[in-house]
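*Asks:*
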Amino acid sequence: MAARSAGVLTVSDRCSKGEANDTSGPNLVRLINSSKLGFNDVLTKCVPDEAELIEAALLDWADRAGLSLVLTTGGTGFSPRDVTPEATKKVIERDAPGLSIAMITKSLEVTPMAMLSRLTSGIRRSTLIINLPGSKKGAEECFNFALPSLSHALDLISDVSSRVDHTHNSMQVHGGHTCGHGKYHSTTKTIGRTKEDFYPVAMRPRQSPYPLLSVHEALQVVMEKIPEQQSTELRNLEDALDRVLGESIIASQPFPPFPASIKDGYAVISSDSSTERDVLAPVTAGESPQSGQCVLIGTVARITTGAPLPGGADAVVMVENTELLASSDDGTVEKKIKILSNVQSGEDVRSVGSDIAKGETVLERGTVLGPSELGLAASVGMERINVFKTPLVAVMSTGNEVVDPGSNLAPGQIYDSNRHVLLAAVRKNGFKGLDIGIAPDTREKLVEKIAAGLEKADVLVTSGGVSMGEKDLLKPVLVKDFSANIHFGRVFMKPGKPTTFATVERNGKLKLIFALPGNPVSSTVTFQLFVLPALRKLAGHPNPSSVTIKAQQSL
Ligand SMILES: Nc1nc2c(c(=O)[nH]1)N[C@H]1C(S)=C(S)[C@@H](COP(=O)(O)OP(=O)(O)OC[C@H]3O[C@@H](n4cnc5c(N)ncnc54)[C@H](O)[C@@H]3O)O[C@H]1N2
Ligand code: MOO
Ligand SMILES: [Mg+2]
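The opening residue of the sequence shown carries number 735 in the working numbering; numbering runs sequentially from there.
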């Protein structure tokens, strides 16, 4: 028998919030494992009583994981939040009422309350889905009532599905692959449809196969896939604004490098008690004291703010706290002064290294470089600094209906606004943008543009073509033509539900692809929520996810 996997989905608001222990789910796993159904693996998941989340989990397990059996426990009663049967009905393609009837009939022998059970069972593709009650006892009883039929049921379903797969394979229209030298090749057999179609429209999936992730989960997936930035480049200070420092800056000399006056006044000896002082030659900022000049008892030297303290002096008295006693005969040069204040040693003197000591780490690796940080780097003499590299972001719009502003609109066309919003947002946040234009909704054109974007850029941001329409080709093109790994294709949010995130290996590098929904508000919001944190992480930002968005409540 081929390897089979099962899943147990616990549906409970309280268990999903951690307010109650899930006893029924683990018990069903035990029952499956001890049955003779031959399951190699049992997946488990717990979701709140939200129809969309239940539906998403069932679709994920049926379509992506290809499980043979899925048991749900919980959410099958009469209370308003019991929606498991409704979610199950949306997912199943074929009803299997016999299983539910058998379980309810047998349960009625145990309790008349079984009348209030709304258990649903059915088949989607090769997956049998069975609703069970939420209580551990009720779920175990019902599972045991259904058990005698399950082995045969699963065999029948897998037989049917292998025949269905065979039929599907023989109807495959396109096969595309990326060969060793990175060029795209496609093989096309046309059987009366347009070349860009992946399925004849009547055979398209009627449900998205992509599970709905919460915004939080989706962001987590994005951040997990992005490697920590390691590469750095040397930049002049003026080009380093808003970049992230790639290497700590250590002061190779102290600041100030000499004892400096903090005031305009006189360099003095604090212990000198003379009433009158002779005024020596001045020291002004930018000069060094005249060689051999020393302040002695009974003397002071004129000094300006920022000038080095001459030898002998240990304090500065500001000019406001002195009185002129005598000047030169022509009245232009100060000769004698009197000090009017008490002077403390060290007063108004900035000692060597008092701002920055030699060997001190002035800026840590990972610091975002604002004006003050650049000033600090300059004050310890850095002309060029090592910053993390920033990603190059290619931006592309998709859609037969979108045309460049400036051209004439044919009927049914609109101007492309998304590309301009996204490119501006990329640049506003300090990243390099690359405009790769508009791709119409054809497989060939999409492949051409996407390949061009991936060739040059680290990140590709597209808008449009990711939902359920027959011209929404982005996801199949990424999978079939680029062997992209789609990490999520739907997010539980509005706007932005079809937001898609994928990665692809190109020229030995991991490239990120954000395929955003086409609605302008959706692409703008999802750029802020998912793309921006990713770009920030790529650029080495220490807190890449903390992006603040101003929201306004409409009245
Ligand atoms: N059956 C379903 N239909 C739709 C679903 C769904 O779940 N099931 N999702 C809806 C949601 S939510 C969104 S959002 C949109 C997103 O669709 P696509 O990403 O496939 O985008 P398009 O179909 O290409 O375009 C949608 C809309 O946006 C306009 N657009 C597209 N590109 C641009 C551009 N560059 N500048 C300005 N406007 C643009 C386009 O003309 C369409 O009006 O799908 C829903 N449908
Ligand atoms: O949720 Mo869509 O992304 O309508 O706008
Ligand atoms: Mg669409």
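Virtual Cβ for every residue (Gly too), placed ideally from N, Cα, C.
Tell me which same chain residues have a C-beta within less than 6 Å of the C-beta of K870, skipping the five on either side of it?
*Replies:* If you number the sequence shown from 1, residue 870 lands on position 136. Closer than 6 Å at Cβ, skipping near neighbours: T757, S758 and N761.
*Asks:* With a cut-off of 8 Å, do at least 3 Cβ pairs link the segment 1147–1162 to the segment 1212–1230?
*Replies:* Flag = no, the segment 1147–1162 and the segment 1212–1230 do not touch.
*Asks:* Could you pull the start and end residues of the alpha helix (DSSP H) that K1303 belongs to?
*Replies:* The question about residue 1303 has no answer here: the residues shown for the chain are numbered 735 through 1289.
*Asks:* Using three-state DSSP, classify D1012 as helix, strand or coil.
*Replies:* If you number the sequence shown from 1, residue 1012 lands on position 278. Correct three-state label for D1012: strand.
*Asks:* Between T928 and G1171, what straight-line distance do the alpha-carbon atoms span, to the nearest angstrom?
*Replies:* Indexing the sequence shown from 1 puts residue 928 at position 194. Indexing the sequence shown from 1 puts residue 1171 at position 437. Reliability fails at T928, whose pLDDT of 39 lies under 50, so the model's placement of it is uncertain and no value is given.
*Asks:* Is it the case that the CB of G1187 approaches a heavy atom of ligand 3 more closely than 6 Å?
*Replies:* As a position in the sequence shown, residue 1187 is number 453, starting the count at 1. Not under cutoff, so the answer is no.
*Asks:* Does the distance between the C-beta of N767 and the nearest non-hydrogen atom of ligand 2 fall short of 6 Å?
*Replies:* For the purposes of this step, residue 767 is identified with residue 33 of the sequence shown, where counting begins at 1. No - ligand 2 has no heavy atom lying nearer than 6 Å to the Cβ of N767.
*Asks:* Please classify M847: does DSSP put it in a helix, a strand, or coil?
*Replies:* Position 113 of the sequence shown, counting from 1, holds the residue named residue 847. Of the three classes helix, strand and coil, the one that applies to M847 here is helix, per DSSP.
*Asks:* Does the distance from the CB of L1207 to the CB of G1199 come in under 7 Å?
*Replies:* Numbered from 1 along the sequence shown, position 473 holds the residue referred to as residue 1207. Numbered from 1 along the sequence shown, position 465 holds the residue referred to as residue 1199. In this structure, G1199 lies closer than 7 Å to L1207 by Cβ.
*Asks:* Helix, strand or coil: which one does DSSP assign to D829?
*Replies:* For the purposes of this step, residue 829 is identified with residue 95 of the sequence shown, where counting begins at 1. Looking at D829 - three-state DSSP - the assignment turns out to be strand.
*Asks:* Buried or exposed for S860, please, with buried defined as at least 16 other CB atoms from any protein chain shown within 10 angstroms of its CB.
*Replies:* Indexing the sequence shown from 1 puts residue 860 at position 126. Buried, because 16 or more other Cβ atoms sit within 10 Å of the Cβ of S860.
*Asks:* Apart from the five residues just before and just after V894, which ones in its own chain have a Cβ nearer than 8 Å to its Cβ?
*Replies:* Numbered from 1 along the sequence shown, position 160 holds the residue referred to as residue 894. Its pLDDT being 42, under 50, V894 is placed unreliably by the model, and the measurement read from it follows with that caveat. Hits under 8 Å: S860.
*Asks:* Closer than 5 Å is what we want: which residues have a beta carbon that near any heavy atom of ligand 3? List them in chain order.
*Replies:* Taken from the N-terminal end onward, the list reads S1201, G1203 and D1206.
*Asks:* Can you grab the Cα-Cα spacing for the pair S976 / Y944, in whole Å?
*Replies:* As a first step, residue 976 must be located in the sequence shown, where it is residue number 242. As a first step, residue 944 must be located in the sequence shown, where it is residue number 210. The amino acid occupying residue 976 in the given sequence is Asp; Ser does not appear at that position. Taking the straight line joining both Cα atoms gives about 37 Å.
*Asks:* Excluding the 5 residues preceding and the 5 following L850 in the sequence, name in chain order all residues of the same chain whose CB lies nearer than 7 Å to its CB.
*Replies:* Translated into positions along the sequence shown, residue 850 becomes position 116. These residues qualify, in order along the chain: G811 and F812.
*Asks:* Less than 7 Å between the beta carbons of A791 and V781, yes or no?
*Replies:* Residue 791 sits at position 57 when you count from the first residue of the sequence shown. Residue 781 sits at position 47 when you count from the first residue of the sequence shown. Yes, they are a contact pair.
*Asks:* From what residue to what residue does the alpha helix (DSSP H) around L1208 run?
*Replies:* As a first step, residue 1208 is located in the sequence shown; it is residue number 474 there, counting from the start. L1208 to F1216 is the extent of the alpha helix (DSSP H) around L1208.
*Asks:* Along the chain, where does the alpha helix (DSSP H) containing L950 start, and where does it finish?
*Replies:* Numbered from its first residue, the sequence shown carries residue 950 at position 216. Checking the displayed sequence, the identity of residue 950 turns out to be His instead of Leu. Segment V949 to K959, the alpha helix (DSSP H) holding H950.
*Asks:* Rounded to a whole number of angstroms, what is the C-alpha to C-alpha distance between T684 and I891?
*Replies:* Since the first residue of the chain shown is 735 and the last is 1289, residue 684 is not available in this structure.
*Asks:* Could you name the residues of the same chain whose beta carbon sits closer than 7 Å to that of L1157, not counting the 5 residues immediately before and after it, in chain order?
*Replies:* Stepping through the sequence shown from its first residue, residue 1157 is reached at position 423. If we look at L1157 and ignore the five residues flanking it on each side, its Cβ neighbours are V1129, G1167 and D1169.
*Asks:* Decide if C749 is buried, meaning its Cβ has at least 16 other Cβ atoms within 10 Å, or exposed.
*Replies:* In the sequence shown, the residue the question calls residue 749 occupies position 15. When all chains shown are included, C749 counts as buried.
*Asks:* Would you mind working out which of V1083, Q1287, V1127 and F1261 sits nearest D1048, comparing C-alpha positions?
*Replies:* Start at 1 with the first residue of the sequence shown, and residue 1048 comes out as number 314. Nearest of V1083, Q1287, V1127 and F1261 to D1048, Cα basis: V1083.
*Asks:* For the putative contact between A887 and L862, defined by C-beta atoms under 8 Å, what is the C-beta separation to the nearest angstrom?
*Replies:* Position 153 of the sequence shown, counting from 1, holds the residue named residue 887. Position 128 of the sequence shown, counting from 1, holds the residue named residue 862. Rounded, the Cβ-Cβ distance is 6 Å, consistent with contact.
*Asks:* Any heavy atom of ligand 5 closer than 6 Å to the CB of G1133?
*Replies:* Ligand 5 is not part of this structure, which contains only ligand 1, ligand 2 and ligand 3.
*Asks:* Using a threshold of 6 Å, is the CB atom of N1253 nearer than that to any non-hydrogen atom of ligand 1?
*Replies:* Against the sequence shown, residue 1253 aligns to sequence position 519. N1253: yes, Cβ under 6 Å from ligand 1.
*Asks:* I need the boundaries of the alpha helix (DSSP H) containing S1257, first residue and last residue.
*Replies:* Reading the sequence shown from its first residue, position 523 is the one you call residue 1257. Start and end: P1254 to T1260.
*Asks:* Would the beta-carbon of R1177 fall within 7 Å of that of S942?
*Replies:* Locating residue 1177 in the sequence shown gives position 443, where the first residue counts as 1. Locating residue 942 in the sequence shown gives position 208, where the first residue counts as 1. Not closer than 7 Å, so no.
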